[in-house]
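Chains as they are written, first to last, in the UniProt record's numbering: chain A, 1 to 286; chain B, 1 to 286; chain C, 1 to 286; chain D, 1 to 286.
For every residue, glycine included, the Cβ atom is placed at its ideal position computed from N, Cα and C.
Single-structure report; data block below.
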């Protein structure tokens, strides 16, 4: 498939989805995006800016949700215009799909909604690439059914059915904890979809702080390295200049000043792994 | 709280939510409902007829989804008129809440959507009792946040905030399997909400059959007995005259001809447990 | 099978294994055993006194382990002589099996050692009944292999191969937590062995306190009721006059002054369930 | 610490533990060891030959267990003499520790026995390096207690207390499945012990074949790469010339003819990761 003007095929170099969890303000989004754009240029990597206009499933109803769809899309449009970065955001209801698709380069679906047939179909029918997150309650192999729903909807709308990324973001492991099963990356690749590893939400501790989710950002680099060594197409990492003050998901955000060094390391690992794709039958069909 | 004209308080006798998973046809719904109404009369138990008008999150996009909202609500209305049973159905989008609430006695929310703030608020704002299912990916204690969202929305709409049931339906346990943690029933009871045990979906094997979910209906009676012995307010059990031919979730449906004997046994256990509520501090606040 | 002079067959009334986790002193063991003997007489229940002479797998090497095998067996012998209760203790190495079997009525094997072939064989070869604990890392169905090892060893030693109880004590569920899968009781019953539910260790939080295991004794009654409602042959519950001062596993011990009320409740539930054994095919072969 | 004449400290190059699961015969062990020795020379890697003389915890009592301790140690001694490779084997009872330590370069403890205090102490007291496997039922942080037991025993016997490797081999995840939590590698490294990743048993499906354990050897390379990218000190991989005919654990053995290409790839990843140890605070204390 094509992603933001770049071909994605077996052996394509690693791409990155990054940004602050939620749009905190226009100024904040632009400031972070500008630093990410510089890093992308220096590291010569495809980087897609991610930020949410609404957090529709916060643990607590009292937490910050974001600027809303209109203001959020306006800010994302400005981010792209000013930084040149392609932009991605997540959709929360079928009715939002078309309007969001007019603005962003890539759509994303929340993990909790992976089994909602009409929702997946609506997003797929826009014709935009979609990063489909595996639910925490699903086995990797079961994502084949979700991909089939998406491909059917895309085809029915006259679009390319090979337009979907699958994203691992952790699997339920006891209570208030997720675990990243690296085998799942290879299993999801059997669908033919490029696979993305979300290193941020994989270290989330859902509900772990009582009225909000905890996180273990210290493990983000470690899990990102592991996934890249497995051979993923892309990594997803939320980053923030000051995680302790982030309005959402701060406990699992990577500090922005550690971002570039990690990207450099991931690129080096990616080059090693993709130099020898034939050693791993399970990923060779990707 | 009041449920279908009956008070629900500590020590109230067990109630039952039962019916075929999905509305297969008017005739089928009526036939099952009539048999359930007879059993309810003979066993002197509050029984609420449950059936879905739409299965919005089937594993596969090719599976039967139901008659749709208009036809489904028409049939549920007829079931109530002809059998005298109160009726319950599940809602799948915020926009459906008001229209469904005009017809049914109790609303229900899907487990996968337990964290969707706007959805929970919309359903709660109708003023109808809601059976809120705990998500497979949530710890029992985290349902307190969901209850807070629901109560806030009910209060804001001018309704009684004590109008919610919490329903356990299994927790993710490895891949394609759920486990029923009986401790969770007591933990959810700490919210002050009556707790329901869904013995049907607790034996589901999500995605376990490749393009549909498997199930272990042989364990339904066993888990229902266990939950009643813990002290739940109600049990939820899908039942079908011929599970092998059911259009949805047959593998975990209880055969209708085994239903009455099980109800009789559960009633006897319920009487034993509720005769001595003081022995269990963790359920005493319910 | 016969257990301490009582037949164990489908429908036999519930028996109980109870006592303090570890032998703290002769006086302590005798005091607890006398109170348990009175309760057993009043409630007309078969009660087997359990206490360990050595805790061979404490989280920390610095914790109290017990009086050792010689002194421990001496005390157990005295408990039986003075109270009339049959006694049970756990064995930790194959070399201990024969000597322990000379003193106690029932042997028990630690869950962690369920897969050690020579150990299971040595204990089984004594000819004494053995309560074999399912490992936290094993599926219930896999206990069939353990039973086969035990039966082979008993037969080879010229003893009755139907001399084994299987005991559920919780399954690993994420980190530092166990979950009790009530389905497992029925699955283990398919071996033909009477099934015991250990309500004490099922609420253990292994390693949960850093250098020792935590526990949730508030859930012991609840899980015991659930298991009895499933239809188990026996329950295992550690009890202590003052759990906060117990030398081992205090956090999950049932306070001794709550013991009799719980036994009475369990007996009432047991009577309900065993009055209708035919409703549950999966337990009928027991 | 020193391992077979090589220093192990932060940044030391990856070492490898490899060999067939069980000693099948002298000729078989020698043939495999000779091929491994050639690979080790060509790839310039420290390789320790591993094979078991007894499989003391097979799922079924009817499976092959090995040649026994005397014959097994004789063969391991010959392997070392003829190939120059250091050798490692696992111990199953405290009473075996001293005699095994006289022959092998490194001892190993079975995962199931990680909590047996006397056993860990006996092995640690030999003064030989020990590869201590984390139990499937333990959280990574809880291995700190096991290390403390081992260090205490080594010190008490007059040996260096810094003589232990910690080995991850998968954690219980539902029934009959293990998952490899890559965070655990960093958490275990906080003990100061070099960490080994066992890529073979991490893909085991315990009990998954009814009377024996299944496995997913296709995921061995993938998980080994992930662990090396995290930054482990060593990897453990069982290998066999013809896994389908292996007498134990064939389903998760890496075919011997794929071994060298994988080692080459792991070495390249190891060089990338260890070139920048400072990027990862959680492993920097190792």
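Quick one: measure Cβ to Cβ for residue 142 (chain D) and residue 207 (chain C), integer angstroms, because I've assumed they're closer than 8 Å.
-> About 4 Å separates the two Cβ atoms, so the contact holds.
Using the beta-carbon of each residue, which ones in chain A are nearer than 8 Å to residue 177 (chain C)?
-> Chain-order list of chain A residues neighbouring residue 177 (chain C): 174, 175, by C-beta distance under 8 Å.
Endpoints, the beta strand (DSSP E) within which residue 237 (chain C) is located | It spans 234-240 - the beta strand (DSSP E) in which residue 237 (chain C) sits, taken as one unbroken run.
Using DSSP bridges, identify the partner residues of residue 215 (chain C).
-> In the DSSP output, where bridge partners are listed per residue, residue 215 (chain C) has C:204.
Measure the beta-carbon distance from residue 37 (chain A) to residue 84 (chain A) and round it to whole angstroms, keeping in mind my assumption that it falls under 8 Å.
-> By a beta-carbon distance limit of 8 Å, residue 37 (chain A) contacts residue 84 (chain A). Their separation comes to about 6 Å.
So, helix, strand or coil for residue 104 (chain A), using DSSP?
-> Correct three-state label for residue 104 (chain A): coil.
Do residue 219 (chain B) and residue 258 (chain C) come within 8 Å of each other at the CB atom, strictly closer than that value?
-> Cβ distance not < 8 Å, so residue 258 (chain C) and residue 219 (chain B) don't count as in contact.
Distance between beta carbons of residue 107 (chain D) and residue 126 (chain D), contact taken as under 8 Å = Here residue 126 (chain D) really is in contact with residue 107 (chain D); their C-beta atoms are around 7 Å apart, less than 8 Å.
Of all Cβ atoms in chain B, is any one closer than 8 Å to the Cβ of residue 225 (chain A)?
-> Residue 225 (chain A) has a beta carbon lying at 8 Å or more from every beta carbon in chain B.
At 4 residues or longer, and completely inside the segment 77-158 of chain B: list those alpha helix (DSSP H) runs for me, N to C.
-> Taking only runs of at least 4 residues, the alpha helix (DSSP H) segments lying wholly in the segment 77-158 of chain B are 97-101, 117-124, 143-156.
6 Å Cβ shell around residue 91 (chain A) - same chain, five flanking residues per side excluded | Correct list, in chain order: 97, 100, 107, 123.
What are the residues that DSSP puts in a beta bridge with residue 56 (chain D)?
-> Residue pairing by DSSP places residue 56 (chain D) opposite no residue, since no beta bridge is assigned to it.
Contact list for residue 57 (chain A) against chain B, beta-carbon separation under 8 Å | Correct list: 115, 116, 117.
7 Å Cβ cut-off: residues of chain C touching residue 254 (chain B) | Neighbours of residue 254 (chain B) on chain C: none; closest Cβ ~11 Å, over 7 Å.
Are the Cβ atoms of residue 63 (chain D) and residue 23 (chain D) separated by less than 8 Å?
-> Taking C-beta atoms as the reference points, residue 63 (chain D) and residue 23 (chain D) fail to come closer than 8 Å.
Can you tell which of B:191, B:204, B:210 has the C-alpha that lies nearest to the C-alpha of residue 223 (chain B)?
-> If we check each option's Cα against that of residue 223 (chain B), B:204 comes out closest.
Distance between residue 232 (chain C) and residue 46 (chain C) (C-alpha atoms, nearest Å) | Taking C-alpha positions only, residue 46 (chain C) is separated from residue 232 (chain C) by approximately 14 Å.
Roughly how many angstroms separate the alpha carbons of residue 72 (chain D) and residue 228 (chain A), rounded to a whole number?
-> Near 40 Å, if we compare the C-alpha coordinates of residue 228 (chain A) and residue 72 (chain D).
What do you reckon, are the CB atoms on residue 154 (chain C) and residue 136 (chain C) nearer than 8 Å?
-> The Cβ-Cβ distance between residue 154 (chain C) and residue 136 (chain C) does not fall below 8 Å.
In chain C, what lies closer than 9 Å to residue 215 (chain D) by C-beta?
-> Residues of chain C passing the Cβ test: none, with the nearest at roughly 15 Å.
Beta-carbon separation (whole angstroms), residue 145 (chain C) vs residue 59 (chain D), contact threshold 8 Å = Indeed they touch by this definition, with Cβ atoms about 5 Å apart.
If you check the beta carbons only, do residue 32 (chain D) and residue 263 (chain D) fall under 8 Å apart?
-> When the beta-carbon positions are compared, residue 32 (chain D) and residue 263 (chain D) stay at least 8 Å from each other.
Could you round the C-beta distance between residue 55 (chain D) and residue 248 (chain D) to whole angstroms and report it? I think they count as a contact, below 8 Å.
-> At roughly 5 Å, the Cβ-Cβ gap stays under 8 Å, so residue 55 (chain D) and residue 248 (chain D) are in contact.
Whose Cβ in chain D lies nearer than 8 Å to the Cβ of residue 196 (chain A)?
-> What residue 196 (chain A) touches in chain D: nothing, since even the nearest Cβ is about 16 Å away.
Any idea if residue 44 (chain B) is buried or exposed, counting beta-carbon neighbours within 10 angstroms, 16 or more meaning buried?
-> Classification for residue 44 (chain B): exposed.
Taking the DSSP output, what are the residues bridged to residue 18 (chain A)?
-> In DSSP, residue 18 (chain A) forms a bridge with A:49, A:237.
Contact check, residue 166 (chain A) vs residue 132 (chain A), beta carbons under 8 Å = Taking 8 Å as the Cβ cut-off, residue 166 (chain A) and residue 132 (chain A) qualify as a contacting pair.
Answer with buried or exposed for residue 25 (chain B), where buried requires no fewer than 16 other C-beta atoms within 10 angstroms of its C-beta.
-> Counting Cβ neighbours within 10 Å, residue 25 (chain B) comes out exposed, since fewer than 16 surround it.
Should residue 134 (chain D) be labelled buried (16 or more other beta-carbon atoms within 10 Å of its own) or exposed?
-> Taking all protein chains shown into account, residue 134 (chain D) has 16 or more neighbouring C-beta atoms within 10 Å of its C-beta and is therefore buried.
Measure the alpha-carbon distance for residue 200 (chain A) versus residue 118 (chain B) and round it to whole angstroms.
-> Rounded to the nearest angstrom, the two C-alpha atoms are 25 Å apart.
Any Cβ of chain B within less than 8 Å of the Cβ of residue 126 (chain A)?
-> Chain B, which has no Cβ nearer than 8 Å to the Cβ of residue 126 (chain A), makes this no.
Do you know how far the Cα of residue 152 (chain B) is from the Cα of residue 160 (chain B)?
-> Rounded to whole angstroms, residue 160 (chain B) to residue 152 (chain B) spans 10 Å at the Cα level.
Host beta strand (DSSP E) of residue 259 (chain B) (start-end) = First-last for residue 259 (chain B): 259-274, but that is the alpha helix (DSSP H), not the beta strand (DSSP E).
Neighbour list for residue 273 (chain D) in chain A, Cβ cutoff strictly below 8 Å = Going along chain A in sequence order, the residues near residue 273 (chain D) (Cβ under 8 Å) are 225, 265, 269.
Rounded C-alpha distance that separates residue 3 (chain A) from residue 269 (chain A) = Approximately 22 Å between the Cα atoms of the pair.
Does residue 206 (chain D) come within less than 8 Å of chain C when only Cβ atoms are used?
-> Flagged as an interface residue toward chain C: residue 206 (chain D), by a C-beta distance shorter than 8 Å.
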